[in-house]
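Worksheet: one structure, shown below.
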Amino acid sequence: MSPEEGERLLFPSFVFPDSFPADDAAPVVSGEEQKKAGRQRRRRRARQAAAGGEGGGDDAAKKRRLSDEQAKFLEMSFRKERKLETPRKVQLAAELGLDTKQVAVWFQNRRARYKSKLIEEEFNKLRAAHDAVVVRNCHLEAELLRLKERLAETEEEKNKAMAAVATAGGSSPSSSSFSTVTAMVGGQQFGMEEAEADFTYMSEYAYTNYMMDLAAAGGYLGGAYDQFS
DNA sequence: CCTAATCTCATCAAACACAGTTTGATGAGCTCATTAGG
Numbered sequence: 001m002s003p004e005e006g007e008r009l010l011f012p013s014f015v016f017p018d019s020f021p022a023d024d025a026a027p028v029v030s031g032e033e034q035k036k037a038g039r040q041r042r043r044r045r046a047r048q049a050a051a052g053g054e055g056g057g058d059d060a061a062k063k064r065r066l067s068d069e070q071a072k073f074l075e076m077s078f079r080k081e082r083k084l085e086t087p088r089k090v091q092l093a094a095e096l097g098l099d100t101k102q103v104a105v106w107f108q109n110r111r112a113r114y115k116s117k118l119i120e121e122e123f124n125k126l127r128a129a130h131d132a133v134v135v136r137n138c139h140l141e142a143e144l145l146r147l148k149e150r151l152a153e154t155e156e157e158k159n160k161a162m163a164a165v166a167t168a169g170g171s172s173p174s175s176s177s178f179s180t181v182t183a184m185v186g187g188q189q190f191g192m193e194e195a196e197a198d199f200t201y202m203s204e205y206a207y208t209n210y211m212m213d214l215a216a217a218g219g220y221l222g223g224a225y226d227q228f229s
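Mapping to UniProt numbering: the first sequence position 94 is 94, numbers consecutive.
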């Protein structure tokens, strides 16, 4: 679309909608409806005039359909140039044996229909993009839910572990069947091997480090989330 | 400025092919369309 064309599009009649306040007594009819009714009246009058006039107007009123050749030629011209300069229009009309008016009308209609097709395509693209975003949003929400569940599980295991440490006290079960405390987040595993999981022998320093790892694992949730955005 | 030519937009109706779509044609434009030339 050329800049002038785009600019002209900014000036359809709806830019300045009817601003006259409706008469209180009159039924409330929108400006758009009034316009439409006016058009229909005019058309009816025109039709009646045509029908009531001399009978000789029949053939002239008949719609002349363009031949395939003519349509093809016009189509080719349209691909080259969306608008015709007057000399080109006259030339084209002469070549095709048509009125210049017919050529002009054909181009006007072609432009209008081309534009509405473009709008429709644009609409379909936007709708597809919108649908894709909705689907992705669903996936992200599901993923977020999973991550939250995993975090809750990890928290629970952490609490169990701490409780176990507290109850174990001084007595040292020599062979602990203590379950491994792990957190799988973002494909990384945080935790300790089964053999290392005996908290009885874990120094306070090691324990603190372990807890910090777990906390970091929680912090990684953000990173795991990011990969979907 | 004035005017003629031209544009977009909405709409109609014939044509085509069998109910709905395509397409040629028309009229309005409302703080009365815009643009270009005289």
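Idealized CB from N, CA, C, for every residue including glycine.
Residue i, buried or exposed, once every other Cβ within 10 Å from all chains shown has been counted against 16
i, result
"A129", "exposed"
"S67", "exposed"
"S116", "exposed"
"T167", "exposed"
"K125", "exposed"
"L118", "exposed"
"A161", "buried"
"L74", "buried"
"L92", "buried"
Span of the alpha helix (DSSP H), counted from its first residue to its last, around residue i
i, result
"E156", "100-168"
"K80", "68-80"
"L84", "Element bounds for L84: n/a, residue is neither H nor E."
Given residue i as reference, the closest of the options once Cα atoms are compared
i, options, result
"residue 233", "L98, V90, Q91", "Outside the modelled stretch of the chain, which goes from 1 to 229, sits residue 233, for which no answer is possible."
"R65", "L96, S77, R79, M76", "L96"
Problem - Segment contact, 8 angstroms Cβ cut-off, at least three pairs: the region 99-112 with the region 68-84 - result: Contact holds: three or more Cβ-Cβ distances are below 8 angstroms.
Practice task
Flag this pair as touching only if the region 142-153 and the region 100-109 have three or more C-beta atom pairs under 8 angstroms; answer yes or no.
Solution key: No: the two stretches stay apart, fewer than three of their Cβ pairs being nearer than 8 angstroms.
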